[in-house]
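Below is one structure, written out as structure tokens; the observations come after it.
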Amino acid sequence: MAIILIKCPKCGKQIEMHVGQSFINLMVNTYASYHCKHCGECIEMDWFGEKPNQEIVDAIFLYLK
């Protein structure tokens, strides 16, 4: 799974967002999640059949190289 360093939207500390892709019914599912160990903020998101932010796509391709 690829990792992107981001700032936590709640506390502003640097955290890791984990991103990846899977295929379901011949459609691409891109997903991302993070958990901030500083403040507890957490989120999971999916882009099922949609193109995510280019930064996420680039991180996944870099991870696959």
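Remember, the numbering used here sits 727 above the position in the sequence shown when you count from 1.
Virtual Cβ for every residue (Gly too), placed ideally from N, Cα, C.
query: Residues of its chain near M728, where Cβ-Cβ distance is below 8 Å and the 5 sequence neighbours each way are ignored; result: H745, V746, G747, Y790
query: Contact check, E782 vs I731, beta carbons under 8 Å; result: yes
query: Which of helix, strand or coil DSSP assigns to E782; result: helix
query: Nearest residue (CA-CA) to S749, options P736, H765, W774, K764; result: W774
query: Residue nearest to G776 in terms of C-alpha spacing, selected from N756, F788, H762; result: N756
query: Own chain residues within Cβ distance below 7 Å of I770, not counting five before or after; result: S760, Y761
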